[in-house]
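K.L.:
Supplied in C-alpha cells, the structure appears directly below.
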Amino acid sequence: MKRLFFSFPALCVLFLSFHSEAPAVSGIGVCDYNGEVNGIQANFIKDSRWVDSIFLVITGGRLAARSSQINSYGTHCAFLYNDGGWHVAVTTVGGVNKTVKKICSVPDGGDFGDGRLWTAKLEWPRGEWIWFTNSKNNNQIYRVHVQTGDRQHIADVNTNSNQFQMPACAKIAIGAYGGDAGLIRLPDPSSGGLPATINQMHNWGGACGHGISPSGIYALANNNGYHNRVCILKVDTNTWIPTQDESVGLDGNVGRIETLDGPILMWDDWALDSSMKNEAYNDKTLQYTGFYQVIGGGNSTQGGWSSNSNHWAMMICGWAPQGRDLENGANLIGLNFIREQTLPFTHNYCEYDTINNPEGIRYIAYNGDIWISDPVEDIAPGYIDDFNNRDAYTIEGTDTEVDARVNVLWENVGVKDCNGIRVDKHSGLTFSLKDRKNVRIEVYSGLGKLIYSQQVQEQQIHIPRSVLHRGVNMVIIKDTDGIVFAEKMMKM
Numbered sequence: 113m114k115r116l117f118f119s120f121p122a123l124c125v126l127f128l129s130f131h132s133e134a135p136a137v138s139g140i141g142v143c144d145y146n147g148e149v150n151g152i153q154a155n156f157i158k159d160s161r162w163v164d165s166i167f168l169v170i171t172g173g174r175l176a177a178r179s180s181q182i183n184s185y186g187t188h189c190a191f192l193y194n195d196g197g198w199h200v201a202v203t204t205v206g207g208v209n210k211t212v213k214k215i216c217s218v219p220d221g222g223d224f225g226d227g228r229l230w231t232a233k234l235e236w237p238r239g240e241w242i243w244f245t246n247s248k249n250n251n252q253i254y255r256v257h258v259q260t261g262d263r264q265h266i267a268d269v270n271t272n273s274n275q276f277q278m279p280a281c282a283k284i285a286i287g288a289y290g291g292d293a294g295l296i297r298l299p300d301p302s303s304g305g306l307p308a309t310i311n312q313m314h315n316w317g318g319a320c321g322h323g324i325s326p327s328g329i330y331a332l333a334n335n336n337g338y339h340n341r342v343c344i345l346k347v348d349t350n351t352w353i354p355t356q357d358e359s360v361g362l363d364g365n366v367g368r369i370e371t372l373d374g375p376i377l378m379w380d381d382w383a384l385d386s387s388m389k390n391e392a393y394n395d396k397t398l399q400y401t402g403f404y405q406v407i408g409g410g411n412s413t414q415g416g417w418s419s420n421s422n423h424w425a426m427m428i429c430g431w432a433p434q435g436r437d438l439e440n441g442a443n444l445i446g447l448n449f450i451r452e453q454t455l456p457f458t459h460n461y462c463e464y465d466t467i468n469n470p471e472g473i474r475y476i477a478y479n480g481d482i483w484i485s486d487p488v489e490d491i492a493p494g495y496i497d498d499f500n501n502r503d504a505y506t507i508e509g510t511d512t513e514v515d516a517r518v519n520v521l522w523e524n525v526g527v528k529d530c531n532g533i534r535v536d537k538h539s540g541l542t543f544s545l546k547d548r549k550n551v552r553i554e555v556y557s558g559l560g561k562l563i564y565s566q567q568v569q570e571q572q573i574h575i576p577r578s579v580l581h582r583g584v585n586m587v588i589i590k591d592t593d594g595i596v597f598a599e600k601m602m603k604m
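Going by my numbering, the first residue of the sequence shown is number 113, and it counts up by one from there.
What follows is the structure, encoded as C-alpha cells:
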C-alpha cells in the first residue's frame, strides 16, 4: 500500500494527504461530542480530507444531546435531547440559527444510564419515521413521525440490550438481545394496537459494536480482540440469517488479528494517513503493547453503519483501559470493507497519543453516524434520489438557511494559481499567489473554531506560526471568486 505524506525536514507544519490508491471520499459525520464543550458536532470531509467542523447543538452538560443520526438526504440530524426532560429532537445540519426542534417527549423519562455503554438509542432509517428506545435497556421500542410528531409504541422486548440498530426497511432490529448478538423481528406498525412482546430471536454470534447496512445485506459485530476486531457478515434478507463474509479481511475479520506469525494490523493497512497515531493498549492485560497504530485500538461497543451507503460502516475508535468506555479519547471512523479503506471523520485528541498530543488533552466521540456524498457508487441503490433532492427537503421548525462554510463540501476545493508555499519552523507559512490580490485568510482549529482572519492586499501572504493551534488546523484563502486554497495542516 502506498501512502503520500509530504513533509518538510525539521519543520512544525505538515500537509496531511490521503491514500493514493482509493477513490477520494466526501461526506458528513455527526457525533456526540465531549471536549471543550458538550453537544452534537458535524464534521465535513471533502476528497478524503477534513474541511470543517461545526456544532449543531451545544449543551450545558455532558451527553445531554446523544445518539446523533443523520437522515438519508444529509440535511438533518436527529438525537435524544435533555431539555426540560428527554426528547427526540432534530436540527438542520449546518443551520445558521442552530434551531433545535423537539419532535416528541420520551415516554416515562426512562433510565438513560451514563451515556457510554448502557443508554437509550435512536435510529433514523430512510423515510419520515425516527425510531428510538426510552431506557438504557433498549427493550421498549417507539417511533415518531419527524413532520407530524405522531408517536407510536411499536414493541416491547423481554430481554435487555446495550445496542439497537436497524436497516432501512425497519422490519428488524439487532443488538445484544438474548446473548452476544440477537435479532428481533418487528411487527408491522400498521397492524394497530400495542404489539405483544417480541421474543423471536436469532443469535448472530460475535460480541458488541453492532451495525447493519441500509439494505440489510451486510452487518458487522465487534467480536473482541482488544476491542479492536470487527467481523463482517452477509445477511439473507428473507430469513435474516447471517454468515460471516470470509472474503473480507482475514476470514471475515478486520482490525488487529492475532496469527501464528504475529498480529496483523488491518486498521493501519487500510488507514489514510492521519494525525491519530497512538500507542496501542491491551485492555485485557492492562498494559501498553509497545507498537503504534494510525487508527488505534479500543473500538467502542457503539458500532453502526452509514445512513445512505452499504459500503461504509462506522465504528467509534479510541484508546482507553476497558476500551468500550473510551475514557481517554475517541474518534468517529468510517470503514469501507469492499475497498479496504478506513477514513477518520473526526480528529479528536487522545490522552495517550504521546506523539501528537504530549499535553494529554482528550476529546471524545461517543456515538454517531456518517453520510456519504461521493463517490456516487458508494451511495446505496435508490438513495441517490435523496441526494439529488436534498435542497428540496425541509422540516418545518428547523433552519432553512445553512452556514456558508458547509458549502465547502460541495465545491471543488484546491490550489489555484499558487506559485508555492514556503514553510519555516520559526516564522510560519508564506504563500505566493499569482495575479491575485485582496484575499482573505481564515484559519480554523480542528474543532471548527475560527482562530485567525485577515484581509491581505499583497500577493505575498504570511501566516505567523503563533496563529496555528497545536494539532490539526484548516487554512483557507478566499477571493471574490471563491476559495483559492484550502489545506489541512498540523502544527507539531
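Backbone N, C-alpha and C fix where the C-beta goes; we use that ideal spot for every residue, glycine too.
By the three-class DSSP mapping on this structure, what secondary structure does Asn443 have?
P.N.:
strand
K.L.:
With a CB to CB cut of under 7 Å and the five nearest residues on each side skipped, what residues in its chain are close to Gly206?
P.N.:
Result list for Gly206: Ala154, Ile166, Val514, Asp515 and Val518, in chain order.
K.L.:
Please confirm whether Leu295 and Trp352 have their CB atoms less than 9 Å apart.
P.N.:
yes
K.L.:
So the alpha helix (DSSP H) Trp379 belongs to, where does it begin and stop?
P.N.:
Met378 to Asp381
K.L.:
Can you give the Cα-Cα distance for Ser325 and Ser273, rounded to whole angstroms?
P.N.:
Each residue's Cα considered, the two are about 20 Å apart.
K.L.:
Based on Cα-Cα distance, which residue from Gln572, Cys343, Asn443 and Ile344 lies nearest to Asn460?
P.N.:
Asn443
K.L.:
Buried or exposed for Thr512, going by 16 or more other Cβ atoms inside 10 Å?
P.N.:
By the 10 Å Cβ count, Thr512 comes out exposed.
K.L.:
Spatial neighbours of Thr454 within its chain, please: C-beta separation below 8 Å, excluding the five flanking residues on both sides.
P.N.:
Trp379, Trp382, Ala383, Leu384, Ile407, Ile445, Gly446, Leu447 and Asn448
K.L.:
Tell me Ser138's beta-bridge partners as DSSP assigns them.
P.N.:
Answer by DSSP bridge pairing, in chain order: Asp486.
K.L.:
Just the Cα atoms here: how many angstroms apart are Gly526 and Lys590?
P.N.:
Its pLDDT being 38, under 50, Gly526 is placed unreliably by the model, and nothing is read from it.
K.L.:
Please state whether the Cβ-Cβ distance between Trp483 and Ser419 is less than 9 Å.
P.N.:
Judged by their CB atoms, Trp483 and Ser419 are nearer to each other than the 9 Å cut-off.
K.L.:
Mind the definition here: the stretch 460 to 471 touches the stretch 251 to 266 only if three or more C-beta pairs lie below 8 Å; say whether that holds.
P.N.:
Result no; under three Cβ-Cβ pairs closer than 8 Å.
K.L.:
Only counting the same chain, and skipping five residues up and downstream in sequence, which positions put a Cβ closer than 6 Å to that of Asp223?
P.N.:
Ser247 and Lys248
K.L.:
Counting beta carbon pairs with one atom in the stretch 480 to 500 and one in the stretch 160 to 178, are three or more of them shorter than 8 Å?
P.N.:
In this structure the stretch 160 to 178 does not touch the stretch 480 to 500; the number of beta carbon pairs closer than 8 Å is below three.
K.L.:
Consult DSSP for Phe499 and reduce its assignment to one of helix, strand or coil.
P.N.:
helix
K.L.:
In the DSSP output, which residue or residues are listed as bridge partners for Phe167?
P.N.:
Gln153
K.L.:
Spatial neighbours of Thr592 within its chain, please: C-beta separation below 7 Å, excluding the five flanking residues on both sides.
P.N.:
Counting only residues of its own chain and dropping the five nearest sequence neighbours on each side, Thr592 has no CB closer than 7 Å to any other CB.
K.L.:
Considering just the uninterrupted stretch of the beta strand (DSSP E) at Ala267, what are its terminal residues?
P.N.:
Arg263 to Asp268
K.L.:
What are the complete alpha helix (DSSP H) segments, minimum 4 residues, inside the stretch 323 to 381?
P.N.:
Assignment of alpha helix (DSSP H) within the stretch 323 to 381, counting only whole runs of 4 or more residues, yields 378 to 381 in chain order.
K.L.:
Which one or two residues does DSSP pair with Lys214 in a beta bridge?
P.N.:
Ala201
K.L.:
Can you give me the C-alpha to C-alpha distance between Ser565 and Val366, rounded to a whole angstrom?
P.N.:
One Cα belongs to Ser565, the other to Val366, and the distance between them is close to 43 Å.
K.L.:
Reducing DSSP to helix, strand and coil, say where Ala504 ends up.
P.N.:
helix
K.L.:
Run the proximity test for Lys389: is its beta-carbon closer than 8 Å to any non-hydrogen atom belonging to the ligand HEM?
P.N.:
Looking for the ligand HEM in the displayed structure turns up nothing, as the structure carries no ligands at all.
K.L.:
Can you find the residues in the same chain that come closer than 8 Å, C-beta to C-beta, to His199, ignoring five residues on each side of it along the sequence?
P.N.:
Leu192, Tyr193, Lys214, Ile215, Cys216, Ser217 and Val218
K.L.:
Alpha carbon to alpha carbon, how far is Leu298 from Ile428?
P.N.:
For Leu298 and Ile428, the distance between alpha carbons rounds to 27 Å.
K.L.:
Name the residue from Thr542, Gly540 and Ile588 whose alpha carbon lies nearest to the alpha carbon of Tyr556.
P.N.:
Ile588
K.L.:
Quick check: what's the CA-CA separation for Asp226 versus Tyr145?
P.N.:
14 Å
K.L.:
Since Val488 contacts Val551 with CB under 8 Å, what's their CB separation in whole angstroms?
P.N.:
Not confirmed; about 33 Å, so no contact.
K.L.:
From His422 to Tyr330, what does the alpha carbon distance come to, in whole angstroms?
P.N.:
It should be noted that the sequence gives Asn, not His, for residue 422. If I take the Cα positions, the gap works out to 7 Å.
K.L.:
Grouping DSSP H, G and I as helix and E and B as strand, with all else coil, what is Arg178?
P.N.:
strand
K.L.:
What span of residues does the beta strand (DSSP E) with Phe457 cover, start to end?
P.N.:
That residue, Phe457, is in no beta strand (DSSP E); it is neither H nor E in DSSP.
K.L.:
Candidates Gly151, Val149 and Ser184: which alpha carbon is nearest Trp417's?
P.N.:
Ser184
K.L.:
Distance check for Glu235 and Arg263, CA to CA, integer angstroms please.
P.N.:
14 Å
K.L.:
Thinking C-alpha only, which one of Gly196, Gly402, Ile575 and Ile507 is nearest Gly540?
P.N.:
Ile575
K.L.:
Tell me whether Gly328 is buried or exposed, calling it buried when 16 or more other Cβ atoms sit within 10 Å of its Cβ.
P.N.:
buried
K.L.:
Going by DSSP, what residue range makes up the beta strand (DSSP E) through Trp424?
P.N.:
Element bounds for Trp424: Trp424 to Gly430.
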